[in-house]
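> Can you keep this structure in mind? I'll have questions shortly.
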Amino acid sequence: MENVIIIGTGPAGYTAAIYAARADLAPLILTGTQPGGQLTTTTDVENFPGFPEGITGPELMVNMQQQAERFGGRVEFAHIDSVVKEDDGTFTLKAGDKTFQTRAVIVCSGASARYLGLPGEEELTKGGHGLTACATCDGAFYRNVPVCVVGGGDSACEEATFLTKFASKVYLIVRRDELRASKIMAQRALEHEKIEVIWNSGIKQYLTNEKGDIRAVELADTQTGDTSELEVEGVFMAIGHTPNSGFLNGMVETDENGYILQKKGTLTSVEGIYAAGDISDTEYRQAITAAGQGCAAAIEVERWLAEQE
Numbered sequence: 001m002e003n004v005i006i007i008g009t010g011p012a013g014y015t016a017a018i019y020a021a022r023a024d025l026a027p028l029i030l031t032g033t034q035p036g037g038q039l040t041t042t043t044d045v046e047n048f049p050g051f052p053e054g055i056t057g058p059e060l061m062v063n064m065q066q067q068a069e070r071f072g073g074r075v076e077f078a079h080i081d082s083v084v085k086e087d088d089g090t091f092t093l094k095a096g097d098k099t100f101q102t103r104a105v106i107v108c109s110g111a112s113a114r115y116l117g118l119p120g121e122e123e124l125t126k127g128g129h130g131l132t133a134c135a136t137c138d139g140a141f142y143r144n145v146p147v148c149v150v151g152g153g154d155s156a157c158e159e160a161t162f163l164t165k166f167a168s169k170v171y172l173i174v175r176r177d178e179l180r181a182s183k184i185m186a187q188r189a190l191e192h193e194k195i196e197v198i199w200n201s202g203i204k205q206y207l208t209n210e211k212g213d214i215r216a217v218e219l220a221d222t223q224t225g226d227t228s229e230l231e232v233e234g235v236f237m238a239i240g241h242t243p244n245s246g247f248l249n250g251m252v253e254t255d256e257n258g259y260i261l262q263k264k265g266t267l268t269s270v271e272g273i274y275a276a277g278d279i280s281d282t283e284y285r286q287a288i289t290a291a292g293q294g295c296a297a298a299i300e301v302e303r304w305l306a307e308q309e
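Have a look at this one:
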């Protein structure tokens, strides 16, 4: 019987593990299918405090893992299929043919950015070759070059407006002939001199140079099928995220999109289950905010477990 199992190994999961381990809870951290989380697909992280010269995403995650392990955290590769609350208040987690039992659970399984499913996306995102889903994280790498944002909602308009601080030109690629964004967000984007909206269009393929970096995208008109080439060096996806909460099978309360709702602090609707990071954060989605929530969740779990004794 574990004291606490942490599901997910991004900044939220590892920070929760560091705090839980230092509280002598000997946490078990289960990696999920993407050890290190989304940050492992980011080359340079320049906005995480404490690294004035920046640090790569994978290196930051390795550092966090080693720090958690130093204090007694244990990391195991496992993808959770289900979580069941037993009559005695403990939890049984199943991962393939493995079974885990624990007194408390911290869910840090994150949310996956949606991409278009086109060839080469994995290589382009992992290698830092011009495809990303976070303007706040990566916008500064695209100074004085043209970029495009894919999407027509609030996030797309917000990302496009943010990118005007760096890029020479921002194209907003919208599949329809109107924006889904709120009036104020749409107005900001439409009126900005650096932003040009390309209506009724979608990306058909990414075009790269000899280094494997994006140099342009091939667009297809959603009405006529006509294709054209648009020169950009960065492509920013803003078509939403999918929270990785399916394994809970509706056990805890979520919003309509599947993001876990926190009831008090990081506590979910189920006593003993806590949530931290992008699995419950629809607003910020930053490594530092995820880490902060992981810290809070571990402290709350420590206090809750002490009350049970």
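The opening residue of the sequence shown carries number 1 in full-length UniProt numbering; numbering runs sequentially from there. Each residue gets a CB set at the ideal place from its N, CA and C atoms; glycine is no exception.
1) So, residue 236 versus residue 133, is the Cβ gap smaller than 8 Å?
2) So, does the CB of residue 180 fall closer than 8 Å to a CB anywhere in chain B?
3) The alpha helix (DSSP H) that contains residue 308, what's its start and end?
4) Could you name the residues of the same chain whose beta carbon sits closer than 6 Å to that of residue 153, not counting the 5 residues immediately before and after it, in chain order?
5) Kindly confirm or deny that the stretch 109-126 and the stretch 19-27 touch, where touching means at least three C-beta pairs closer than 8 Å.
6) Distance, Cα to Cα, residue 173 vs residue 98?
7) Restricting to runs no shorter than 4 residues, where is the alpha helix (DSSP H) found entirely within the stretch 114-187?
8) In the DSSP assignment, the alpha helix (DSSP H) including residue 202 goes from what residue to what residue?
9) Cβ of residue 214 within 8 Å of Cβ of residue 107?
10) Which runs of the alpha helix (DSSP H) at least 4 residues long sit entirely within the stretch 51-77? Give them in chain order.
11) CA-CA distance, residue 29 and residue 146?
12) Using the C-alpha atoms, what's the distance from residue 232 back to residue 216?
13) State the Cα-Cα distance for the pair residue 36 and residue 61, rounded to the nearest angstrom.
14) Which of the three DSSP states is assigned to residue 267 in this structure?
15) Please confirm whether residue 112 and residue 192 have their CB atoms less than 8 Å apart.
16) Out of 9, 84 and 80, point me to the one whose CA is closest to residue 66's CA.
17) Since residue 259 and residue 282 are thought to touch, with beta carbons under 8 Å apart, how far apart are those beta carbons, to the nearest angstrom?
18) Indicate whether residue 203 and residue 150 have their beta-carbon atoms separated by less than 8 Å.
19) On the three-state DSSP scale, how would you describe residue 274?
20) Count the other CB atoms within 10 Å of the CB of residue 130; is the residue buried (16 or more) or exposed (fewer)?
21) Kindly list the residues whose CB is nearer than 6 Å to the CB of residue 298, restricted to its own chain and excluding five residues on each side of it in sequence; keep chain order.
22) When you compare only the Cα positions, how much space is there between residue 288 and residue 12?
23) Which whole-angstrom value describes the C-beta separation of residue 253 and residue 269, a residue pair presumed to lie in contact below a C-beta threshold of 8 Å?
24) Would you mind reading off the limits of the alpha helix (DSSP H) that contains residue 13?
25) In chain order, what residues of the same chain lie with their CB nearer than 8 Å to the CB of residue 300, ignoring the 5 residues before and after it?
26) Give the straight-line distance between the Cα atoms of residue 201 and residue 178, rounded to the nearest whole angstrom.
27) Return the CA-CA distance between residue 87 and residue 94, expressed in angstroms with no decimal places.
28) I'd like to confirm the pairing. Which residues does DSSP put opposite residue 30 in its beta bridges?
29) May I ask you to list the residues that DSSP assigns as paired with residue 237?
Short version:
1) Mapped onto the sequence shown, residue 236 falls at position 236. Mapped onto the sequence shown, residue 133 falls at position 133. Less than 8 Å divides the Cβ of residue 236 from the Cβ of residue 133.
2) Protein chain content of the structure displayed is limited to a single chain, and chain B is not contained in it.
3) On the sequence shown, residue 308 is found 308 positions in, with the first residue counted as 1. Note, residue 308: alpha helix (DSSP H), 287-308.
4) Within the sequence shown, the letter at position 153 stands for residue 153. If we look at residue 153 and ignore the five residues flanking it on each side, its Cβ neighbours are 180 and 181.
5) Between the stretch 109-126 and the stretch 19-27, the count of C-beta pairs closer than 8 Å stays below three; the two stretches do not touch.
6) In the sequence shown, counting from the first residue as 1, residue 173 sits at position 173. In the sequence shown, counting from the first residue as 1, residue 98 sits at position 98. Rounded to the nearest angstrom, the two C-alpha atoms are 45 Å apart.
7) Taking only runs of at least 4 residues, the alpha helix (DSSP H) segments lying wholly in the stretch 114-187 are 121-126, 135-138 and 154-163.
8) Residue 202 sits at position 202 when you count from the first residue of the sequence shown. First-last for residue 202: 201-208, but that is the beta strand (DSSP E), not the alpha helix (DSSP H).
9) Within the sequence shown, residue 214 is the residue found at index 214, counting from 1. Within the sequence shown, residue 107 is the residue found at index 107, counting from 1. When the beta-carbon positions are compared, residue 214 and residue 107 stay at least 8 Å from each other.
10) Entirely contained in the stretch 51-77, the alpha helix (DSSP H) runs reaching 4 residues are, in chain order, 57-70.
11) Within the sequence shown, residue 29 is the residue found at index 29, counting from 1. Within the sequence shown, residue 146 is the residue found at index 146, counting from 1. Taking the straight line from one Cα to the other gives about 41 Å.
12) As a first step, residue 216 is located in the sequence shown; it is residue number 216 there, counting from the start. As a first step, residue 232 is located in the sequence shown; it is residue number 232 there, counting from the start. Spanning the two alpha carbons is a distance of roughly 5 Å.
13) Locating residue 36 in the sequence shown gives position 36, where the first residue counts as 1. Locating residue 61 in the sequence shown gives position 61, where the first residue counts as 1. Distance between the alpha carbons of residue 36 and residue 61: 6 Å.
14) Counting from 1 along the sequence shown, the entry for residue 267 is found at position 267. DSSP places residue 267 in strand when its eight states are reduced to three.
15) Taking the first residue of the sequence shown as position 1, residue 112 is located at position 112. Taking the first residue of the sequence shown as position 1, residue 192 is located at position 192. Going by C-beta atoms, residue 112 is not nearer than 8 Å to residue 192.
16) For the purposes of this step, residue 66 is taken as residue 66 along the sequence shown, with counting starting at 1. It is 9 whose Cα lies nearest to the Cα of residue 66.
17) Looking up residue 259 in the sequence shown gives position 259. Looking up residue 282 in the sequence shown gives position 282. About 5 Å separates the two Cβ atoms, so the contact holds.
18) Along the sequence shown, read from residue 1 onward, the residue named residue 203 stands at position 203. Along the sequence shown, read from residue 1 onward, the residue named residue 150 stands at position 150. Yes, the pair counts as a contact, with Cβ atoms nearer than the cut-off.
19) The residue you call residue 274 lines up with position 274 of the sequence shown. Secondary structure at residue 274: strand, using DSSP grouped into helix, strand and coil.
20) Numbered from its first residue, the sequence shown carries residue 130 at position 130. Counting the other CB atoms within 10 Å of its CB gives residue 130 a total of 16 or more, which places it among the buried residues.
21) Along the sequence shown, one-based indexing puts residue 298 at 298. 16, 19 and 20, listed in sequence order.
22) Taking the sequence shown and counting its residues from 1, one reaches residue 288 at position 288. Taking the sequence shown and counting its residues from 1, one reaches residue 12 at position 12. One Cα belongs to residue 288, the other to residue 12, and the distance between them is close to 9 Å.
23) Position 253 of the sequence shown, counted from the first residue, corresponds to residue 253. Position 269 of the sequence shown, counted from the first residue, corresponds to residue 269. Contact flag correct, Cβ pair sits at about 4 Å.
24) Start at 1 with the first residue of the sequence shown, and residue 13 comes out as number 13. Per DSSP, residue 13 belongs to the alpha helix (DSSP H) from 11-22.
25) Looking up residue 300 in the sequence shown gives position 300. Closer than 8 Å at the Cβ level, and outside the excluded window around residue 300, lie 265, 266, 267 and 274.
26) Within the sequence shown, residue 201 is the residue found at index 201, counting from 1. Within the sequence shown, residue 178 is the residue found at index 178, counting from 1. Distance between the alpha carbons of residue 201 and residue 178 is about 11 Å.
27) If you number the sequence shown from 1, residue 87 lands on position 87. If you number the sequence shown from 1, residue 94 lands on position 94. Distance between the alpha carbons of residue 87 and residue 94 is about 17 Å.
28) To locate residue 30, count along the sequence shown from 1; it is residue 30. For residue 30, which the question treats as bridged, DSSP gives the partners 7 and 76.
29) Counted from its first residue, the sequence shown places residue 237 at position 237. Paired residue(s): 150.
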